[in-house]
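Student: Dropping a structure here in structure tokens format, bear with me for questions.
Number of protein chains: 2
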Amino acid sequence: MLETVTLMKNAEAREALSESARKDDAEKRGRKASKEVRQFQLIEATIDSLAKRGYAETTMADVADGAGLSRGIVNFHFESKEKLLVATLQYMYDEYSAHWRAALQKAGDDPARQLQALVWADFDRSICNKRKLAAWCAFWGEAKSRPTYQALSSSRDAYYQQVFIDLCTTLKQSGGYAYEPQVMALALSAMLEGLWLRLMMGTEDTTRETALQAANAFLAAAFPKHYG
Amino acid sequence: MLETVTLMKNAEAREALSESARKDDAEKRGRKASKEVRQFQLIEATIDSLAKRGYAETTMADVADGAGLSRGIVNFHFESKEKLLVATLQYMYDEYSAHWRAALQKAGDDPARQLQALVWADFDRSICNKRKLAAWCAFWGEAKSRPTYQALSSSRDAYYQQVFIDLCTTLKQSGGYAYEPQVMALALSAMLEGLWLRLMMGTEDTTRETALQAANAFLAAAFPKHYG
DNA sequence: CCATATTGAATGAATGTTCAACAAATGGTG
DNA sequence: CACCATTTGTTGAACATTCATTCAATATGG
Numbered sequence: 016m017l018e019t020v021t022l023m024k025n026a027e028a029r030e031a032l033s034e035s036a037r038k039d040d041a042e043k044r045g046r047k048a049s050k051e052v053r054q055f056q057l058i059e060a061t062i063d064s065l066a067k068r069g070y071a072e073t074t075m076a077d078v079a080d081g082a083g084l085s086r087g088i089v090n091f092h093f094e095s096k097e098k099l100l101v102a103t104l105q106y107m108y109d110e111y112s113a114h115w116r117a118a119l120q121k122a123g124d125d126p127a128r129q130l131q132a133l134v135w136a137d138f139d140r141s142i143c144n145k146r147k148l149a150a151w152c153a154f155w156g157e158a159k160s161r162p163t164y165q166a167l168s169s170s171r172d173a174y175y176q177q178v179f180i181d182l183c184t185t186l187k188q189s190g191g192y193a194y195e196p197q198v199m200a201l202a203l204s205a206m207l208e209g210l211w212l213r214l215m216m217g218t219e220d221t222t223r224e225t226a227l228q229a230a231n232a233f234l235a236a237a238f239p240k241h242y243g
Numbered sequence: 016m017l018e019t020v021t022l023m024k025n026a027e028a029r030e031a032l033s034e035s036a037r038k039d040d041a042e043k044r045g046r047k048a049s050k051e052v053r054q055f056q057l058i059e060a061t062i063d064s065l066a067k068r069g070y071a072e073t074t075m076a077d078v079a080d081g082a083g084l085s086r087g088i089v090n091f092h093f094e095s096k097e098k099l100l101v102a103t104l105q106y107m108y109d110e111y112s113a114h115w116r117a118a119l120q121k122a123g124d125d126p127a128r129q130l131q132a133l134v135w136a137d138f139d140r141s142i143c144n145k146r147k148l149a150a151w152c153a154f155w156g157e158a159k160s161r162p163t164y165q166a167l168s169s170s171r172d173a174y175y176q177q178v179f180i181d182l183c184t185t186l187k188q189s190g191g192y193a194y195e196p197q198v199m200a201l202a203l204s205a206m207l208e209g210l211w212l213r214l215m216m217g218t219e220d221t222t223r224e225t226a227l228q229a230a231n232a233f234l235a236a237a238f239p240k241h242y243g
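Protein sequence lines, in the order shown, are assigned to chains A and B. If you read the first sequence in our numbering, its first letter stands for residue 16, the second for the next number, and so on. If you read the second sequence in our numbering, its first letter stands for residue 16, the second for the next number, and so on.
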């Protein structure tokens, strides 16, 4: 699968970067870094810029400066700003995906545990932090008017949604609930996204802890036999 | 209250605009329109542009063209692009506010009815349509990196949230539920925002009808004694 | 020495803002 | 009512700035 390949590359790049950081930061200068490491480095700088300045104010110059490299470099590794941003979004989706699947894997076979694991995974520090959330928000804001972003988003989201629906269906049977699985799955995933949105906006009453509480409260209300 | 004044102006402007439209569209030409009408006209054009092109691609020229006026006009009525966008956000909040309060008023005294009315109000056609949702999304995407937008948002949101909390507290007492009102109110409002987000993104499985179903399912799960 | 990566200045396009000129309404005056 | 002066609204071109992209020159590793 294409996605897996990308993930491997990212993993390697991440490793290589931390290695080089261990040795010497001067490695970034000159031509020591591999193509993958440079791209990773630039994508990270892009996320920084998106988080700090927002989508509209993110410039190639800011990205290059953030990575400690020269102006023209971005157009060398990525052809254009457009492609840099698509690659960044792709990277963030891959990271999210990997985290999500790992959580599902670790949860074992019990559907109730699986659903809870997926919910909790959304609020894990590695995924759910100010920097990443702000970057997500920046993309969401532009997604509706950019077919490329929208296509990237919707294909993934449809898959996650289906998993939620399947889990809700199973829980409904074993718990004897009355709701439509599709409807409840939509309510659940919408709530998770809404909590992210609130975390991004920095609303006072919403922290990672209170968000998780709310998500748990939802599970308890919707599936009392399983989470009561 | 300042907000009320703004609302009055908007209402007058809207009325005046539809009147002039009834008479003759040529009225827009020349200098027939009042200051308020012009501003309203430009704000509507801004929402159009935000919805069609997104925040980053919204230009003064596009707004002016959309309103059928000349380039320099926006800087005359609003001093700068920044102020035009703030005024637009303000306008959208005022409209939402008015709709929300009207729904609450019409619902009578029963808290269960009130809560349901507020939820339904969020998915009313006048508020919840592609154009407006896209504009909201554009602002949200930039809000975190723009203190002005954030300030505007958070003061309003805190008020709505408090109303939700109060209603949840009342329902808890009358229904003998176990949850913390604050937590459930957060879950509820997050879900509403999440549903909006999905509607904006144009996710296939989410329409205004399914969103409303999901919201109802949430109410039924969280407050079975009241909505079961 | 060759292929490749990197730099930074040059370029050109896009865009927000300014402004001088023009037009329309307003209000005062004979 | 007619006339003119003043205020106010409107236009479109000019201007300055910002920014993505290009590219010739340079540096680096193999």
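Positions of the beta carbon are idealized from the N, C-alpha and C atoms, including for glycine. Keep in mind the model is a prediction, meaning the values are calculated, not measured.
Evaluate the contact criterion for the segment 152-170 of chain A versus the segment 196-206 of chain B: three or more CB pairs, one atom per stretch, below 8 Å.
Tutor: They do not touch, by the three-pair rule.
Student: Can you tell me whether A:I62 is helix, strand or coil according to DSSP?
Tutor: Start at 1 with the first residue of the first sequence, and residue 62 of chain A comes out as number 47. If DSSP states are grouped into helix, strand and coil, A:I62 belongs with the helices.
Student: Buried or exposed: A:D137, going by 16 or more other Cβ atoms within 10 Å of its Cβ?
Tutor: Position 122 of the first sequence, counted from the start, is the residue given in the question as residue 137 of chain A. Answer is buried; the Cβ neighbour count reaches 16.
Student: Identify whether B:C183 lies in helix, strand or coil by the three-state DSSP scheme.
Tutor: Residue 183 of chain B sits at position 168 when you count from the first residue of the second sequence. DSSP places B:C183 in helix when its eight states are reduced to three.
Student: Would you say A:L214 and A:R223 are within 8 Å of each other, going by their C-beta atoms?
Tutor: What you label residue 214 of chain A is simply residue 199 of the first sequence in a count that begins at 1. What you label residue 223 of chain A is simply residue 208 of the first sequence in a count that begins at 1. Yes, these two residues count as a Cβ contact at 8 Å.
Student: Taking its Cβ as the centre, do 16 or more other Cβ atoms sit within 10 Å of B:F154, making it buried, or is it exposed?
Tutor: Sequence index remark: in the second sequence, residue 154 of chain B carries index 139 (1-based). Buried, since its Cβ has 16 or more Cβ neighbours within 10 Å.
Student: What in chain B is Cβ-close to A:S141, meaning under 9 Å?
Tutor: Mapped onto the first sequence, residue 141 of chain A falls at position 126. Going along chain B, no residue has its Cβ under 9 Å from A:S141, so there is no contact; the nearest lies around 20 Å.
Student: With 8 Å set as the bound, which would you pick, yes or no: does the beta-carbon of A:W155 sit closer than that to a beta-carbon of chain B?
Tutor: Locating residue 155 of chain A in the first sequence gives position 140, where the first residue counts as 1. Chain B contact via Cβ: present.
Student: Out of curiosity, what's the CA-to-CA distance linking A:L207 and B:G87?
Tutor: Taking the first sequence and counting its residues from 1, one reaches residue 207 of chain A at position 192. Taking the second sequence and counting its residues from 1, one reaches residue 87 of chain B at position 72. Distance between the alpha carbons of A:L207 and B:G87: 44 Å.
Student: Run through the segment 75-132 of chain A for me and flag every whole alpha helix (DSSP H) of 4 or more residues, listed as ranges in chain order.
Tutor: List check, alpha helix (DSSP H) in window: 75-82, 88-92, 96-121.
Student: For B:C143 and B:M107, what's the separation of their Cα atoms in angstroms?
Tutor: Here the question's residue 143 of chain B lines up with position 128 in the second sequence. Here the question's residue 107 of chain B lines up with position 92 in the second sequence. Roughly 12 Å separates the two Cα atoms.
Student: Give a yes or no on contact between the segment 147-166 of chain B and the segment 60-72 of chain B, applying the rule of three or more CB pairs nearer than 8 Å.
Tutor: Touching, yes, given that three or more Cβ pairs across the two stretches are closer than 8 Å.
Student: Would you mind telling me which residues of chain A sit closer than 8 Å to B:K67, beta carbon to beta carbon, in chain order?
Tutor: Here the question's residue 67 of chain B lines up with position 52 in the second sequence. Within chain A, the residues near B:K67 are S160.
Student: Would you say A:E224 faces chain B, with C-beta separation under 8 Å as the test?
Tutor: As a working note, residue 224 of chain A is residue 209 in the first sequence. For A:E224, the answer is no, since every Cβ of chain B falls outside 8 Å of its Cβ.
Student: Please name the residues in the segment 165-180 of chain B whose beta-carbon is closer than 8 Å to at least one beta-carbon of chain A, in chain order.
Tutor: Cβ contacts with chain A: Q165, S168, S169, D172, A173, Q176.
Student: Assuming B:L57 and B:H92 are in contact, meaning their beta carbons sit under 8 Å apart, how far apart are those beta carbons, in whole angstroms?
Tutor: For the purposes of this step, residue 57 of chain B is taken as residue 42 along the second sequence, with counting starting at 1. For the purposes of this step, residue 92 of chain B is taken as residue 77 along the second sequence, with counting starting at 1. Right, the Cβ-Cβ distance comes to about 6 Å (below 8 Å), so this counts as a contact.
Student: Let me know the secondary structure DSSP gives B:A173 once reduced to three states.
Tutor: Taking the first residue of the second sequence as 1, we reach residue 173 of chain B at position 158. Residue state, collapsed to three classes: helix.
Student: Whole angstroms are fine: how far does the CA of A:Y164 sit from the CA of A:L104?
Tutor: One-based indexing of the first sequence puts residue 104 of chain A at position 89. One-based indexing of the first sequence puts residue 164 of chain A at position 149. For A:L104 and A:Y164, the distance between alpha carbons rounds to 8 Å.
Student: For the alpha helix (DSSP H) that A:E208 lies in, which residues bound it at each end?
Tutor: Stepping through the first sequence from its first residue, residue 208 of chain A is reached at position 193. From DSSP, the alpha helix (DSSP H) with A:E208 extends over 196-216.
Student: Give the range of the alpha helix (DSSP H) segment to which A:N144 is assigned.
Tutor: The residue labelled residue 144 of chain A in the question sits at position 129 within the first sequence. It is not in any alpha helix (DSSP H) - A:N144 carries neither H nor E in the DSSP assignment.
Student: Could you have a look at B:V20 and say whether DSSP puts it in helix, strand or coil?
Tutor: Residue numbering aside, residue 20 of chain B sits at position 5 when the second sequence is read from its first letter. Only weak support is given to the placement of B:V20: the predicted model assigns it a pLDDT of 47, under 50, and the question is left unresolved by the model.
Student: Just verifying my parser: in three-state terms, what is the DSSP assignment at B:F238?
Tutor: Sequence index remark: in the second sequence, residue 238 of chain B carries index 223 (1-based). The answer is coil: DSSP assigns B:F238 none of H, G, I, E or B.
Student: Can you pull the chain A residues whose beta carbon is under 7 Å from the beta carbon of B:R86, in chain order?
Tutor: Here the question's residue 86 of chain B lines up with position 71 in the second sequence. In chain order: nothing, as chain A lies at least about 21 Å away.
Student: Are the segment 175-185 of chain B and the segment 180-188 of chain A touching, with three or more C-beta to C-beta distances below 8 Å?
Tutor: Contact fails: fewer than three Cβ-Cβ distances are below 8 Å.
Student: Straight-line CA distance for B:K50 to B:A113?
Tutor: To locate residue 50 of chain B, count along the second sequence from 1; it is residue 35. To locate residue 113 of chain B, count along the second sequence from 1; it is residue 98. Computed Cα separation, rounded: 22 Å.
Student: Nearest chain B C-beta to A:R37 closer than 8 Å, yes or no?
Tutor: For the purposes of this step, residue 37 of chain A is identified with residue 22 of the first sequence, where counting begins at 1. Below a pLDDT of 50, predicted positions are generally treated as unreliable, and A:R37, at 38, falls in that range; no measurement from the model is reported.
Student: Would you grab the beta carbon distance between B:Y192 and B:F238 for me? Rounded to a whole angstrom, and I think it's under 8 Å.
Tutor: For the purposes of this step, residue 192 of chain B is taken as residue 177 along the second sequence, with counting starting at 1. For the purposes of this step, residue 238 of chain B is taken as residue 223 along the second sequence, with counting starting at 1. The pair is a contact, with the Cβ atoms about 7 Å apart (cut-off 8 Å).
Student: When you check each C-beta in the segment 198-224 of chain A against every C-beta of chain B, which residues fall closer than 9 Å?
Tutor: Those residues of the segment 198-224 of chain A that come within reach of chain B (Cβ to Cβ, closer than 9 Å) are V198, M199, A200, L201, A202, L203, S204, A205, M206, L207, E208, G209, L210, W211, L212, R213, M215, M216, G217, T218, E219, D220, T221.
Student: Along chain A, in chain order, which residues have C-beta atoms closer than 9 Å to that of B:Q131?
Tutor: Counting from 1 along the second sequence, the entry for residue 131 of chain B is found at position 116. Those do not exist, as B:Q131 stays about 15 Å from chain A at its closest Cβ, beyond 9 Å.
Student: Nearest-angstrom Cα distance between B:V134 and A:E195?
Tutor: Stepping through the second sequence from its first residue, residue 134 of chain B is reached at position 119. Stepping through the first sequence from its first residue, residue 195 of chain A is reached at position 180. Those two C-alpha atoms are separated by around 19 Å.
Student: Specify the secondary structure class of B:Y164 as computed by DSSP and reduced to three states.
Tutor: In the second sequence, counting from the first residue as 1, residue 164 of chain B sits at position 149. Note: B:Y164 maps to helix in three-state DSSP.
Student: Taking just the CA atoms, how far does A:A229 sit from A:S160?
Tutor: Reading the first sequence from its first residue, position 145 is the one you call residue 160 of chain A. Reading the first sequence from its first residue, position 214 is the one you call residue 229 of chain A. Each residue's Cα considered, the two are about 31 Å apart.
Student: I want to verify the contact list: residues of chain A whose CB lies under 7 Å from the CB of B:F233, in sequence order.
Tutor: In the second sequence, the residue the question calls residue 233 of chain B occupies position 218. The answer, in chain order, is A202.
Student: Along chain A, which residues have their Cβ under 7 Å away from the Cβ of B:A237?
Tutor: Numbered from 1 along the second sequence, position 222 holds the residue referred to as residue 237 of chain B. Within 7 Å Cβ-Cβ: A236.
Student: Quick one: residues in its chain with C-beta nearer than 6 Å to the C-beta of B:A127, no 5 flanking neighbours on either side, listed in chain order?
Tutor: Reading the second sequence from its first residue, position 112 is the one you call residue 127 of chain B. Taken in chain order, the residues that qualify are H241.
Student: For A:T73, which residues in the same chain have their Cβ closer than 6 Å to its Cβ, ignoring the five residues on either side in sequence?
Tutor: Locating residue 73 of chain A in the first sequence gives position 58, where the first residue counts as 1. Correct list, in chain order: S64, L65.
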